[in-house]
Amino acid sequence: MSLKSLKARKDDLSSPVNQLNFLNNGIFQEGELPKFKNKIAETGQFPLKPKKLEILQLNLGYMCNQVCSHCHVDAGPDRKEIMTVETMQQCLEVIKNTGAHTLDLTGGAPEMNPNFRWFVEEASKAGIKDFIVRSNLTIILANKKYHDLPEFFKKHNVHVISSLPFYKREKTDKQRGSGVFDKSIKALQMLNAVGYAQEGTGLKLDLVYNPSGAFLPTNQAAMEHDFKVALKEDFNIDFNSLFAITNLPISRFLEYLIASENYEDYMYSLVDAYNPAAVENVMCTNTISISWDGWLYDCDFNQMLELKVNSPVKHISEYNEDLLNNRDIIISQHCYGCTAGAGSSCQGTVA
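The numbering used here applies: residue 48 is where the sequence shown begins, and numbers increase by one.
Pasting the structure below:
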């Protein structure tokens, strides 16, 4: 596993333009596989349009204490992009006036933003129904200044969604780095100790699973059962729900697919598993993604490919929900990842 991001390595795939060129050519350019635009047109779903806005997802920065092999953000310790207080204040104004009911903070490790706690405290006053922080768990143990995060999350009734690739050490450490599994288990136990996923507390703790290789996730409900049994028996850990997320062929996962010579097979798998019912509920239809520097995107994946919203409004400083609701959603071949099988979003399966 590399200890540096694609950007730090100056890899060709650190360029969103190069990633899109790769996705738009080859087997798609030659007609072996239909482009996503043509596929959804077959079922009368092009252009893809937004529905009622429900989720504002804010990326507080690409800095992270881990360098995971599948990371679509290309996050890591060497990434210095961090949301400023000025942009946070602009986001707070939108949060106070939006019709969305969910605020979803992500990264990188969002907790590494130096103004993370201030922002959570301010945003929690806005009356958002579901306030999510996506944590990689190991950040809680990375430094003494993070050790009290479970108590901080509890104080502000934060819904914690945490990545855990598997309930066994080998698969988790292979994807996320040596020692990550043991630290993740310790962090989950700390969250349980303050009341997360415990009956009557109302403190929600969900886990995210994504495959470690070039294959699609299996049934989400069955996996949730297996995770719950294994984590309870082995570590006395409780959690609420498991979200199974398909790896999208962008950034470091695209690098892995190419290096392992699995790219074409994986894309065939995604296209073969295409499900028109999943298109109806993909996350770009109810979400606006806001980057660390305030630009607006249809989803977190489009953000990483620098595909800004197709709207006169492109930045948080000029946010207009009515105009955004009238846009066409930007799509490319990576969108097959969200529409394969039972579908995939940041909230798990969609169909």
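Even glycine gets a Cβ: it sits at the ideal position worked out from N, Cα and C.
Neighbour-count burial assignment, residue i, 16 or more Cβ in a 10 Å radius
i	result
Gln380	buried
Lys279	exposed
Asn72	exposed
Lys98	exposed
Leu370	exposed
Thr90	exposed
Val276	exposed
Tyr303	buried
Lys96	exposed
Gly247	exposed
Pro212	buried
Val114	buried
Gln136	exposed
Val64	exposed
Asp195	exposed
Ala244	buried
Ser231	buried
Gly395	buried
Leu50	exposed
Gly154	buried
Phe300	buried
Pro359	exposed
Backbone secondary structure at residue i - three-state DSSP
i	result
Leu384	It should be pointed out that residue 384 corresponds to Gly in this sequence rather than to Leu. Correct three-state label for Gly384: helix.
Lys99	coil
Met130	coil
Phe178	strand
Leu343	strand
Ile186	helix
Lys86	helix
Phe69	helix
Phe290	strand
Asp369	helix
Thr332	helix
Ile376	coil
Ser171	helix
Asn322	coil
Asp151	strand
Leu105	strand
Lys57	coil
Lys361	coil
Ser392	strand
Ile305	helix
Glu297	It should be noted that the sequence gives Ile, not Glu, for residue 297. Coil, per DSSP.
Lys355	strand
Ile74	coil
Whole-angstrom C-beta distance between residue j and residue i, which should lie under 8 angstroms
i	j	result
Val167	Val132	With 8 angstroms as the limit, Val167 and Val132 do not qualify as a contact, their Cβ atoms being about 13 angstroms apart.
Leu188	Leu152	In fact, because the Cβ distance is near 20 angstroms, the residues do not count as touching under 8 angstroms.
Cys138	Ile363	6 angstroms
Ile377	Lys84	Not really, about 11 angstroms apart at Cβ, beyond 8 angstroms.
Gly384	Leu295	4 angstroms
Asp177	His148	6 angstroms
Met351	Ser298	6 angstroms
Met110	Ile129	6 angstroms
Tyr344	Lys355	6 angstroms
Ser316	Leu254	No, Ser316 and Leu254 are not in contact; Cβ-Cβ is about 24 angstroms, not under 8 angstroms.
Lys201	Gly242	6 angstroms
Asp340	Gln104	Wrong, their Cβ atoms sit about 15 angstroms apart, outside the cutoff.
Glu397	Ala325	Inspection of the sequence shows that residue 397 is occupied by Val rather than by Glu. That pair is a contact at about 5 angstroms.
Asn287	Lys251	5 angstroms
Pro157	Val180	6 angstroms
Asp375	Asn357	5 angstroms
Leu80	Met314	6 angstroms
Thr400	Leu263	Past the boundaries of the shown model lies residue 400; the chain is included only from 48 to 398, so the question cannot be answered.
Residue i at chain C interface by Cβ criterion, 8 angstroms
i	result
Glu311	This model lacks chain C altogether; it includes just one protein chain.
If you scan the stretch 252 to 287 from start to end, which runs of the beta strand (DSSP E) of 3 or more residues do you find wholly inside it? Listed in chain order, they are 252 to 256.
For the stretch 115 to 126 and the stretch 139 to 149, state whether three or more C-beta atom pairs, one from each stretch, are separated by less than 8 angstroms. As far as the Cβ criterion goes, the stretch 115 to 126 does not touch the stretch 139 to 149, which means the pair count is below three.
If you scan the stretch 200 to 239 from start to end, which runs of the beta strand (DSSP E) of 3 or more residues do you find wholly inside it? Whole beta strand (DSSP E) segments, 3+ residues: 206 to 210.
Quick one: any contact between the stretch 225 to 244 and the stretch 260 to 273, if contact means 3 or more CB pairs under 8 angstroms? The stretch 225 to 244 is not in contact with the stretch 260 to 273.
Mind the definition here: the stretch 384 to 397 touches the stretch 319 to 328 only if three or more C-beta pairs lie below 8 angstroms; say whether that holds. The stretch 384 to 397, when compared against the stretch 319 to 328, does touch it at the 8 angstroms Cβ threshold.
For the structure I just gave you, are there three or more beta carbon pairs, one from the stretch 75 to 82 and one from the stretch 178 to 188, closer than 8 angstroms? Counting Cβ pairs under 8 angstroms, fewer than three are found: no touch.
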